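In the numbering used here, the protein residues as written are 251 to 376.
Report on one structure; see the data block that follows.
The following block contains the structure:
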């Protein structure tokens, strides 16, 4: 687990599922031009977790983007996969919260597993 998620867990909250970025991020022109340093930094500074109470996502190091949303405030988790994404098992997840909040995260490994883990959480225990 990453430092951000660990340091932001609240009392009686545990991590249920953790996702990673897919290795496909290393096969982009940006990766080649940066000698694979940019995707490496992106990979080690990105954290995607579902806990017993929230979805916690942190992307970035210097410029940081975070999402911490209570499970009860999430309407749906959508998954978008291209043909190549289906074959290699990666895609984008879109978290839609109540009130129209919409957050998209790209190049997630096993996005269907992320959605399944979210759907299996019993929010009545929250």
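Quick reminder that beta carbons are idealized off the backbone N, C-alpha and C, glycines included.
As the structure is a computational prediction, the values presented were derived from the model and not from experiment.
Q | Counterpart residues of residue 269 in DSSP-defined beta bridges | A | Counted from its first residue, the chain shown places residue 269 at position 19. According to DSSP, residue 269 bridges with 298.
Q. For residue 360, which residues of its own chain have a beta-carbon under 6 Å away from its beta-carbon, when the five flanking residues on both sides are left out?
A. The sequence position of residue 360 within the chain shown is 110, counting from 1. Correct list, in chain order: 339.
Q.
Tell me the residue span of the beta strand (DSSP E) that contains residue 372.
A. By one-based count along the chain shown, residue 372 stands at place 122. From DSSP, residue 372 is part of no beta strand (DSSP E); its letter is neither H nor E.
Q) If residue 357 and residue 274 are in contact, beta carbons under 8 Å, what's the gap, nearest whole angstrom? A) Taking the first residue of the chain shown as 1, we reach residue 357 at position 107. Taking the first residue of the chain shown as 1, we reach residue 274 at position 24. Confirmed, Cβ separation roughly 6 Å.
(Q) Would residue 300 and residue 354 qualify as a contact pair, given that the criterion is a beta-carbon distance under 7 Å? (A) By 1-based counting over the chain shown, the position of residue 300 is 50. By 1-based counting over the chain shown, the position of residue 354 is 104. No.
Q: Please work out which residues of its chain come closer than 8 Å, Cβ to Cβ, to residue 263, disregarding the five sequence neighbours upstream and downstream, and give them in chain order.
A: For the purposes of this step, residue 263 is taken as residue 13 along the chain shown, with counting starting at 1. Here the set comprises 301, 302, 303 and 304.
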